[in-house]
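Under numbering that gives the first Met the number 0, the residue at position 324 of the first sequence is numbered 323, and the numbers go up by one with no gaps.
Step one of this worksheet: look at the structure below.
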Amino acid sequence: MIKERIAKLLEDAAREAQTKGHLPNVALPEMTVERPQNAEHGDYASAAPLKLARAARMNPLTIARHLADLFPQAEEIERVTVAPPGFINFTLKDDWLEKQVDSILSLGQEYGNVDLGKGGKVQVEFVSVNPTGPIHVGHGRGAVLGSTLANVLSAAGHKVSREYYVNDAGSQMDSFYRSLYSRYLQALGIESEMPANGYMGAYMIDLAREIISEEGRRFAEMPSEEAVSKLGKVGLQKMLTSIKEDLERIRVEFDVWFSERSLYDGGQYERAMKIIKDGGFVREREGAIWFVSTALGEDKDNVLVRSSGAPTYLASDVAYHYNKFLERGFDEVINIWGADHQGHVSRMKAVASALGIAPERLQIIISQMVTLRQGDLVLKVSKRTGELITLRELVDEVGADACRFFFLTRSADSQMDFDLELAKRQSEDNPVYYVQYAHARIASILRLAQERGIDFSAGDVSLLKTEPELTLIRKMLLLPELVETVALTLEPHHLPYYAQELATVFHAFYKQCRVVSPDIHMSKARLKLVSAVQITLARALSIMGVTAPEHM
RNA sequence: GUCCCUGUAGCUCAGAUGGACAGAGCAACUGCCUUCUAAGCAGUGGGUCGCGGGUUCGAAUCCCGCCAGGGACUCCA
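As structure tokens, this is what we get:
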């Protein structure tokens, strides 16, 4: 990438300045190069002289001059200038920029990829909603975030595995089974009371009815414990299928659906427990077995196995992460959790430490809450009470593309207001259509070129000299840098902004520059340009999981 | 009480890990369709970056203290 190349050349210049005695032999700061906001400051800029000034005991502007003077000749760089109080600005050569069009065309769908991950195995575990009810809007946000992050990491050279952890064990599941059994009996006209902390949502009644229509009343005729378990199994499967369908509607898919129960059946639980026990992190107290997280700096210890003998979700998590890192060998694991799990982050890191895993290898992203509004009406989302807006409803109203784009525009850290009315009403003006429209416009130009039989494969990109054309190329060059940044920061919300900027620059170009014109040479050059833009736009969209339409 | 997230234009939000005059989209206002898609383009107005200190060449960004909103602190997940 050109950005890295400039940084490297700048570092070379700094070292040479040191050997020549223009700069004292102090430790050099990282020679970072960034994109200035103001185009007048060139394509890239470095503030390194400002950072060096103190240690070198020199005027930053003087340092900047020395570095600029010693900056080696490079085919990519038109000029290197200095600006007060000590910036170095780099401007790219037009003919180098033009060549990038050919290079994007030859890379095609690979354009934007970077080799940051070096093939390292990364797991992204996300959604992982208890299969006790339908997916709601907040889960949808995490789902879109996770799937996009997985796409970015894969573009950045990681081997990515997308995983959904199915909590098919534990007390919540038990409550779900009992609730379902009760609804089942009720639907058959048999009196039955819902469990105390049962799942009261109307969907449970639908689920019970559905099972009756498919399987009849056979579960009512067996002993209740057996019925709860057998009916539960059917209900779980149905719930999972429906969750899977909901997720597919916003184009979220998984490589692995991992069963919590399998941790207990497969021996992972025992092996993991042994490790933390051997490490001295397990203690028995008050009839329960505790994880001594205080030994790792936590505020308090946590129960692993209740006095009843039933393991807690934490015990499962110990086994699960043991499995992720030590058995399946992921180099890095990213968990995406909802805001309500935020308090567990440091505990989970402690678990990793106790297992002997460097905690940095586990990254936990908290996706903040989504508040649904319908005008002034705030809809509280709770699965228990059953008053909820499902993801399915949202996608049906807003559409998968707008939904994904909208979710992605907010950083995971900030809570978001999702106003259903607004989302629907603005759907025509939604930025996602603006971006897609740019793509469709290009498709339309390319169709015209094809109708006229124009073969632009030998187009001469050196004809692309005007400002709108070069601006477009400059913007396209940003994609790989962006992929790298997002893969590093795990903050995919920059993607929709980039897509929008690229679309803006394209629309401006479109207005000013006729592509298919009587000037056949210019037409061919611009067809190449436009075609590269289409590739770039499509790539950005596909990483976000948004479609790139040919017509609109 | 303790911990986490947030507070930037009328509204919804960016601001890429400290840089050069604080941005976008909606909303408001003014122009632009005989040429490849007007779901578009060009332009105008709009800001004590929650408040108060500090760190430094330089702070929306880092530190401390307040204020406000949300979340978490269970032998629930």
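All C-beta atoms in this analysis are idealised placements derived from N, C-alpha and C, irrespective of residue type, glycine included.
For clarity, every value in this text was computed on a predicted model and none was experimentally measured.
Tell me where the alpha helix (DSSP H) around residue i begins and ends.
i    : result
R4   : 1 to 18
L487 : 477 to 488
S541 : 519 to 543
Q267 : 267 to 277
C402 : 399 to 408
Y202 : 201 to 214
R248 : 223 to 248
K348 : 344 to 353
D173 : 170 to 186
Could you spell out where the beta strand (DSSP E) holding residue i opens and where it closes?
i    : result
Y163 : 158 to 165
A82  : 76 to 82
S284 : The sequence given here places Arg at residue 284; Ser does not occur at that position. Run containing R284: 281 to 284, per the beta strand (DSSP E) assignment.
L552 : Since the first and last residues shown for the chain are 0 and 551, residue 552 lies out of range.
F417 : 415 to 418
S45  : 43 to 45
E124 : 120 to 124
F257 : 255 to 258
Tell me the rounded alpha-carbon separation between residue i and residue j.
i    : j    : result
L184 : R282 : 43 Å
L447 : V515 : 8 Å
L230 : M203 : 13 Å
R391 : H135 : 8 Å
W336 : I365 : 5 Å
D277 : D167 : 28 Å
T384 : G197 : Residue confidence for T384 is low, a pLDDT of 46 falling below 50, so the modelled location carries little weight and cannot support an answer.
D94  : E466 : 13 Å
P23  : E39  : 31 Å
A457 : L463 : 14 Å
R250 : I388 : 19 Å
K382 : H138 : Its pLDDT being 44, under 50, K382 is placed unreliably in this model, and the coordinates cannot settle the point.
S292 : M347 : 10 Å
S410 : S345 : 21 Å
D11  : Q17  : 10 Å
A55  : V25  : 7 Å
T535 : R14  : 37 Å
A547 : E480 : 21 Å
E190 : F406 : 44 Å
E420 : V369 : 15 Å
M221 : G119 : 51 Å
M0   : I103 : 13 Å
H520 : I453 : 10 Å
S241 : P133 : 7 Å
A214 : K237 : It is worth fixing the name first, because residue 214 is Glu in this sequence and not Ala. Rounded to whole angstroms, E214 to K237 spans 13 Å at the Cα level.
R161 : S127 : 11 Å
Which residue or residues does DSSP assign as beta-bridge partners of residue i?
i    : result
G337 : S366
N565 : Here the chain has residues from 0 to 551 only, and residue 565 is not among them.
A507 : None; A507 has no bridge partner.
H135 : T389
E33  : A44
P310 : V304
V332 : Q122, L361
I believe residue i touches residue j by the beta-carbon criterion, under 8 Å. Please report the beta-carbon distance rounded to the nearest angstrom.
i    : j    : result
V482 : V100 : Actually they do not touch by this definition, with Cβ atoms about 19 Å apart.
V504 : T470 : 5 Å
R451 : Y509 : With 8 Å as the limit, R451 and Y509 do not qualify as a contact, their Cβ atoms being about 18 Å apart.
R64  : V79  : Between V79 and R64 the Cβ distance is about 10 Å, and since that is not below 8 Å, they are no contact.
S426 : A401 : 6 Å
E259 : S315 : 5 Å
P83  : L60  : 6 Å
Under 7 Å Cβ to Cβ from residue i, same chain only, skipping five residues before and after it: list those, please.
i    : result
S153 : V159
V151 : V482, V485, A486, P491, I542
W256 : Y163, V165
L235 : P130, D167
L393 : V136, G139, C402
E109 : none
K98  : V460
A531 : V100, I103, L104, M475
Closer than 8 Å by C-beta to residue i: which residues in its own chain qualify, once you throw out the five before and the five after it? Chain order, please.
i    : result
H340 : I365
K444 : Note that residue 444 corresponds to Ile in the displayed sequence, not to Lys. Answer for I444: V514, V515, L526, V529, listed in chain order.
L567 : With the chain covering only 0 through 551, there is no way to say anything about residue 567.
K92  : E74, E75, I76, E77
W289 : V281, R282, E283, D300, N301, V302, L303
L494 : T147, V151, L407, L481, V485, A539, I542, M543
P194 : S174, R177, S178, S181
Got a sec? Which residues, its chain only, sit under 6 Å from residue i by beta carbon, not counting five neighbours each side?
i    : result
Y43  : I5, V32, F89
I333 : V123, Q362
K523 : F455, G458
A502 : Y433, V434, A437
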